[in-house]
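When you line the sequence shown up against the numbering used here, it's residues 84 to 416, in that order. Built from N, CA and C at the ideal position, the CB exists for glycine as well. Keep in mind the model is a prediction, meaning the values are calculated, not measured. Let me begin by presenting the structure, written as structure tokens, before commenting on it.
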Amino acid sequence: MADVDIKGLAKRFGETAALEDVSLSVADGEFCVLVGPSGCGKTTLLRIIAGLETETEGSLSIGGADAQALAPARRGIAMVFQSYALYPHMTAYRNMSFGLKFQKVSRPDIDERVRSVAEMLGISDLLHRKPAELSGGQRQRVAIGRAIVRNPKVFLFDEPLSNLDAALRATTRLEIARLHKALGATMIYVTHDQAEAMTLADKMVVMKDGRIEQIGTPLEVYRKPANLFVAGFLGHPKINIVTGAIAAEYGAASIGLRPEHLTLSPSGKGYAARVVHVEPLGSEAHVHLRSDALGPLILRAPSDFSVSGDGDLHVTFERTRVLLFDENGNAIN
Ligand SMILES: Nc1ncnc2c1ncn2[C@@H]1O[C@H](COP(=O)(O)OP(=O)(O)OP(=O)(O)O)[C@@H](O)[C@H]1O
Ligand SMILES: [Mg+2]
């Protein structure tokens with residue numbers, strides 16, 4: 084197993100700067116999740132680590148060794164792509180074993196490895212099938228299995244679950260967490276799914292426009308976002324941002340209020356607000372409000388929330404929950 088150390092990495096495709104000054108250390112055995120809007124450079128970063136793409140500037144070491152001198156096959160890395168990239172004409176067994184032939188692993192050893200990994204992933208019965216005869220979730224397991232049998236030092240995952248339906252994603256997410264524990268491998272994982280990012284990551288990296296905006300544990304990043312972008316990127320429903328006089332009271336250009344930190348006050352204390360719309364989600368309700376003092380707001384309420392009377396109510400929040408931002412959108416601590 085190995086750590087990954089990236090310093091001052093930049094990648095340009097002609098005029099496009101895909102990555103700018105990216106520095107990131109992923110410790111041996113750590114689960115690092117990359118998140119950020121489409122086009123922010125996540126795949127490019129993985130491809131550079133894998134050696135499928137060459138950086139324009141910066142350094143990269145894997146397990147303490149300079150990776151730039153190493154061909155992709157010698158980096159000890161396995162990548163699982165969003166598309167799975169399985170060979171359509173090969174059975175699941177051959178898809179998993181194919182790469183091992185080139186690693187000079189003996190035939191009985193290959194068989195042993197493929198079968199034990201298949202067992203671990205619950206696909207033992209499917210090894211004779213070709214990808215077209217497998218469901219999306221099963222294909223995705225074969226692709227992960229193919230990565231595991233190679234016994235890599237570092238796993239790179241590029242949105243491996245995005246083709247799965249919500250229920251399958253949730254169970255596979257648990258399996259990946261279990262896999263990480265069992266293998267103790269270093270993993271770098273790209274996802275658009277916040278629940279995946281929050282639950283899987285030891286270390287979360289939020290990117291935007293080719294740059295890293297913040298690195299921290301998921302809870303650190305959620306609770307203490309470095310700037311307005313990170314605050315708005317994480318959390319569903321989205322954080323409420325309030326500017327103007329109320330923000331000025333806190334000595335800030337804007338303040339952030341998470342929807343779960345707003346409370347409806349029956350006593351008439353707090354800020355007057357009107358209910359504009361209610362989204363009942365079963366487990367909870369998202370209440371859209373309009374307040375003259377605070378502007379538009381979203382609040383998380385219990386599932387039995389209902390509007391009484393004309394929908395006028397009051398909103399309160401605890402001072403300690405308020406996130407403060409300066410005129411540049413950076414957090415004030
Ligand atoms: N081979 C390429 N040639 C030119 N530009 C590229 C190439 N690959 C990526 N880019 C550009 O680099 C930027 C980063 O792309 P990248 O695929 O890394 O984004 P991403 O964060 O993975 O996005 P997504 O979430 O949509 O997968 C984008 O602007 C993209 O258009
Ligand atoms: Mg991508």
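Measuring straight from C-alpha to C-alpha, what distance separates residue i and residue j?
i    : j    : result
S350 : E401 : 16 Å
L117 : P363 : 31 Å
M439 : L204 : No information on residue 439 is available, as it lies outside the stretch 84 to 416 that the chain covers here.
N416 : E113 : 28 Å
M234 : Q223 : It should be pointed out that residue 234 corresponds to Asn in this sequence rather than to Met. Rounded to the nearest angstrom, the two C-alpha atoms are 18 Å apart.
I227 : V200 : 9 Å
L396 : Y354 : 8 Å
H319 : A268 : 30 Å
S207 : K125 : 33 Å
E138 : P301 : 28 Å
A152 : R212 : 38 Å
Q78  : L317 : The requested residue 78 does not occur in the structure, where the chain is confined to residues 84 to 416.
Q221 : V237 : 23 Å
L247 : A253 : 9 Å
V232 : L262 : 13 Å
V304 : D393 : 38 Å
F388 : G378 : 21 Å
A309 : K321 : 16 Å
A101 : K264 : 32 Å
Strictly by DSSP, which residues pair up with residue i?
i    : result
Y167 : In the DSSP output, where bridge partners are listed per residue, Y167 has none listed.
S386 : For S386, which the question treats as bridged, DSSP gives no partner whatsoever.
D395 : R357
Y272 : V116 and F240
N413 : N310
K90  : S142
H369 : E362 and R383
L406 : G339
On the premise that residue j lies in contact with residue i, defined as a C-beta separation below 8 Å, what is that separation, rounded to the nearest angstrom?
i    : j    : result
L210 : Y176 : 4 Å
C123 : G299 : So it is not a contact: roughly 17 Å between Cβ atoms.
N390 : H371 : One detail in the question is off: residue 390 reads as Val in this sequence, not Asn. 11 Å between Cβ atoms; not a contact.
V398 : L380 : 7 Å
A260 : T282 : 7 Å
L239 : A336 : Their Cβ separation, rounded to whole angstroms, is 39 Å, which puts L239 and A336 out of contact at 8 Å.
V288 : L107 : 6 Å
I145 : L92  : Contact flag wrong, Cβ pair sits at about 13 Å.
Is any heavy atom in ligand 1 found nearer than 7 Å to the beta carbon of residue i?
i    : result
F96  : yes
S121 : yes
T274 : no
A215 : no
A85  : no
A101 : yes
Cβ of residue i versus every heavy atom of ligand 2: is any distance shorter than 7 Å?
i    : result
T126 : yes
D241 : yes
Counting only runs of 4+ residues fully inside the stretch 135-218, write out the alpha helix (DSSP H) ranges in chain order.
-> 175-184 and 190-204
Complete beta strand (DSSP E) runs within the stretch 287-355 (minimum length 3 residues, chain order) = DSSP assignment within the stretch 287-355 yields the following whole beta strand (DSSP E) runs of 3 residues or more, N-terminal first: 294-299, 323-326, 337-340 and 346-348.
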